[in-house]
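Encoded as structure tokens, the structure appears first; notes follow it.
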Amino acid sequence: MSYLLFSVGLLVLAITLLVARFVYGFIHLLTRKMVYLEIIPPAFQDKSLEATDSLFGALHKLGSPTAVERLLGKKHIFSVEIHSSSKQGIRFIIAVPDDKTDTVEKLIHSFVPDSKTKIIDVDTISPRRIFEFRQSKHFSYPIQSFDMPEKDDPLGYITGSMTKLKEDERAIYQLTFKPVQLRQAKQLQQKILRNDAFMPEAKVKAGFLTPVFSLTNKLLFAAADAFSAGVHHDTTHYAVVGAQRDLEYKKQLARGDKPVRTLSYFEHEVIESVNQKLKRPLFDCRVRFILQTNQKETERTAKRSIVAAIGIFDVSGYQKLSLRRRKFGVSRKLQELAVSKRLLGVSSGQNYFSANELSRLYHVPHSQTVKTTNVIKSLSKTLPAPVSLKQNENLDVLFGENLHHGQTTAIGLTAAERERHMYIIGGTGNGKTTMLKYMISQDIKNNKGVAVVDPHGDLAEELLGLIPEHRLQDVVYISPDDLAYPIGINLLELTEGLTGDELLREKDLITESAISVLRKLFSEDDSGGHRIEYVLRNTIQTALTVPGANLFTIFRLLNDKKYRKDIVNRLEDQDLKIFWKNELGKAGEMQKVKMAAGITAKIGRFLFSASAKRILEQEKSTINFDALMDEGKIVICNFSKGLLGEDTSMLFGVTVLAKLQLASLRRARLAQDNRRPFYVYVDEFQNFATMSFVQMLSEARKYKLYLTMAEQSTQQQQEQRLVDIILANVATVVAFRSGSPADARLLIPLFSPYIEERELANLPAYNFYCRISAIHAQEPLSGVTVLLDSESDAQVAEIVRTASRTKYAKQKIEEVIVDTPSVNTPVSKPIKTRKKSKQSTKRGVPQEELIHG
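For what it's worth, this note's numbering labels the leading residue of the sequence shown as 395, then goes sequentially.
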């Protein structure tokens, strides 16, 4: 009695443990956190199916439970899916347990290296109809193998059945699986190795009428054989062969030997395919197609399409994937739970696939054969960050992040790398300005000297609101549109206190600088460029002898005969006197016009620009670029083409760069250690690039003037030689997407063989390729721009603007021309009358000057 009670107690304990194990495993599956990885396959490169075989093999090892997990009933279930909708296209998604996300992501990039992955949110699946497929025969029989996807990719049929969906419709192809170790599979392998009878063992359970049909078949063939023997008075050939085989079989049994089985070619092929499947990792898998729609017709069409698509995996007579009966009631609810929670479900029946078979059912589509529309693909690959960048902790400035195969690395430059300049190129709206803003804000916070030239104005305005409190008084804000507070910049201003040879050198530098500025303003159709430059050089040298000369002094010397005569008479330089006497003095009126027209036309247009006159006509600059560089100030230039006009914006930009160039060259007088680094950022560099400035790139490093240049296209440069010089002298090149084939041809050699021309043309916005080779040659890398954490503060911007006006600008009092003062007409002093206007006109100054002050 006690033994019986003990046995019953032991049985109850075992059942309790089994139930607890089942409940624990089920709760674990319901409460686990799943992460959804979207796989974005490459559009132009194709991997063989063997790579996907290996991926599933690795997932088998990753998902196989440990001994403790098996004891607790804990399972690891994965789900590979294809989601299709009209809005989001056709996407490849893999659902993995949270704790295995990083490993799975690395596996994907290892076996499909050119693909991209990202973690996404997936909407809850609310199916109207679930189509589930199961193996119709014994699991050991494989489905159809497609070993040449470049000729016929089965996935194309599946994705093709998921197209033409309406806006509120959604289709999902789902393979949910877990790794298994089947004892039966090992037993079958042993039978094959021993050459035992295998085929009957592997068949599915026969129907109840099968024995009847088999007996009838044997009786009919026996009767036929007897009839044939009676007619021929002898046994048939088949009967003789059969008798001999039976006799040999009986002898082997008598000796105790194993009978030798003779296989037909067809049987050999089938058994070989079975053996190949059983040798590979096996998975318990559910094949489902989920449809979300309110249209009955869409449901019927989808059913026909997916059944036909899955049907291509059938092996006639041996294996096929059959559509299961539709479920209702509680079974339906359990099926929906299995779909949404990525479970295998409670369905009975074996459904085991090898890694090879799963790779046929789900893989990255082959681009040459799968032409399904709306498949989300990657048009450009990512490149890893070099080891030297990952290990470098002394980056002076950051400008992006490298996202490659799930790993994030900050991209930046050391102080030494910045000395060799940076060139950024890419079409509008791709992230150039975002990158510049991120870099500039870091330099400002780190107390560096910075100059920013912005031809649009938005960047300049945003930077004003990003100035930290400790640098509010360091900003020089140059905005020509601020007519009430113009900052003075005199292009021809000489440094005070210079004499002798130093003065001569200064005049030569200013002359070259002014010529480069004005040459930029000359249009391409100007003829006689060398002749114009000759006249311009002598005119500038003459203007430099006039106290307080400015840009408009050049115009007046060429346009005002009386003024020119007065100045020439006071010249001490005989070469200049000879020029004015022989070149212009003996020339006819038409010749004089041809010689000077190009110059006066370019300068004369700015006489009617209020901003140009108020800033460039001042005799003495209100800012000293030498001091700004040496003291590490912040110079922000708002040269908005929308406010100033394209030509005026160009004039200001070229002038500021020329002044910075002059200031850097004057640093030759300073010891190397006393030259403070100064960083210049120029957006839309093609608007301001001059040959003189670009050629100085190789020398600017000596004077610690470091440039970051950005432009939309190399084709925007009027002189293509400028592009060659830039690329030859910059060590860091950042390439965003460019729509110009010429840009791609010019830049691809810098990144070859790591990327192709089409990849550069298909970069997403805010993505770039970068080559950093300032110190040591490095492999190129890919990156994305980084957004600032802080927003621009309008109140800070106003504080900075006011401080800059106070320190560097002169308040302009409007001057009004009236006939007679009126008591009822308020007039700002001084009042200029017609008489003064005439006197000014006699001196050769146009009346418009009086309006603009």
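Beta carbons are placed, not taken as given, at the ideal position from N, Cα and C, and that holds for glycine.
Item to complete: Compute the Euclidean distance between the alpha carbons of I704 and V681, then round it to the nearest angstrom.
Response: 10 Å
Discussion item. Tell me the DSSP secondary structure of D678 in three-state form.
Written reply: DSSP places D678 in strand when its eight states are reduced to three.
Item to complete: Starting from the C-beta of A452, find all residues in its chain whose C-beta is less than 7 Å away, skip the five residues before and the five after it, and write them out in chain order.
Response: L501
Fill in: Opening and closing residue of the beta strand (DSSP E) in which Y567 lies
564-574
Discussion item. Run through the DSSP bridge pairs and tell me what V1074 is partnered with.
Written reply: DSSP output for V1074 lists A845, L1101 as bridge partner(s).
Worksheet entry | Sequence-distant residues of its chain with Cβ nearer than 7 Å to V769 (five each side left out) | G483, I484, T553, P759.
Discussion item. Does L1059 come out as helix, strand or coil in the three-state DSSP assignment?
Written reply: helix
Worksheet item: Counting only runs that start and end within the stretch 739-811, where is the alpha helix (DSSP H) found for 4 or more residues in a row?
Response: Counting only runs of 4 or more, we get 749-755, 781-785.
Worksheet item: Distance, Cα to Cα, T570 vs E666?
Response: If you take the alpha carbons of T570 and E666, they lie about 27 Å apart.
Worksheet item: Can you check whether the CB of P1174 is closer than 7 Å to the CB of F1163?
Response: Checking the sequence, you will find Tyr at residue 1163 rather than Phe. A Cβ-Cβ contact shorter than 7 Å links Y1163 with P1174.
Worksheet item: What separation, rounded to the nearest whole angstrom, lies between the Cα atoms of Y817 and S910?
Response: 21 Å
Worksheet item: Under the rule that 16 or more other beta-carbon atoms within 10 Å means buried, what is H662, buried or exposed?
Response: Per the 10 Å Cβ criterion, exposed.
Worksheet item: If you follow the alpha helix (DSSP H) that I552 is part of, which residue opens it and which one closes it?
Response: 549-554
Worksheet item: Three-state secondary structure (DSSP) at M989?
Response: helix
Discussion item. What does the alpha-carbon distance come out to for the pair H1246 and L1038?
Written reply: With a pLDDT of only 32 at H1246, under 50, the local geometry of the prediction cannot be trusted, and the value read off the model is given with reservation. In a straight line, the C-alpha of H1246 is about 15 Å away from that of L1038.
Worksheet entry | T1219 in three-state terms, based on DSSP | Here the model assigns T1219 a pLDDT of 32, short of 50, so the residue's position is not dependable, and the following value carries that caveat. In the structure shown, T1219 sits in coil (DSSP, three-state: anything other than H, G, I, E or B).
Item to complete: For M1085, name the three-state secondary structure that DSSP assigns.
Response: helix
Worksheet item: Which residues in the same chain as G510 place their Cβ atom closer than 7 Å to its Cβ, once the five residues preceding and following it in sequence are excluded?
Response: The sequence shown places Lys at residue 510, not Gly. The residues are I434, S772, T776.
Fill in: CB contact flag (Y832, R1199, <7 Å)
no
Practice prompt. Report the rounded CA-to-CA distance for T495 versus K427, giving the unit in angstroms.
Written response: 11 Å
Worksheet item: Any idea if P1135 is buried or exposed, counting beta-carbon neighbours within 10 angstroms, 16 or more meaning buried?
Response: exposed
Practice prompt. Please go through the same chain and pick out, in chain order, the residues whose beta-carbon is closer than 7 Å to the beta-carbon of K996, but skip the five residues on each side of it.
Written response: L912, L915, F916
Worksheet item: Whose CA, out of F505, F400, S1034, R577, lies closest to the CA of D1077?
Response: S1034
Fill in: Pairwise C-alpha distance: Y551 and P1158
29 Å
Worksheet item: If you compare alpha carbons, which of I1166, I834, Q1205, Q689 is closest to V781?
Response: I1166
Fill in: S479, buried or exposed, once every other Cβ within 10 Å from all chains shown has been counted against 16
buried
Worksheet item: Which same chain residues, not among the five before or five after L807, have their C-beta less than 8 Å away from its C-beta?
Response: L789, D790, V791, F793, M816, T1126, I1166, A1168
Practice prompt. May I ask which residues mark the beginning and end of the beta strand (DSSP E) holding V474?
Written response: 472-479
Discussion item. For D447, count the other beta carbons within 10 Å of its own beta carbon; 16 or more makes it buried, fewer makes it exposed. Which is it?
Written reply: buried
Worksheet item: If you draw a straight line from the alpha carbon of Y871 to that of I1030, how long is it in whole angstroms?
Response: 5 Å
Discussion item. Give me the residue from M1044, L1091, P548 with the minimum Cα distance to R999.
Written reply: M1044
Worksheet entry | Continuous alpha helix (DSSP H) assignments of at least 4 residues falling wholly in the stretch 818-899 | Fully enclosed alpha helix (DSSP H) runs of 4 or longer: 826-839, 852-858.
Worksheet item: Would you call the stretch 998-1012 and the stretch 1040-1058 in contact, with 3 or more CB pairs under 8 Å?
Response: yes
Worksheet entry | Three-way DSSP call (helix, strand, coil) for R1195 in this model | helix
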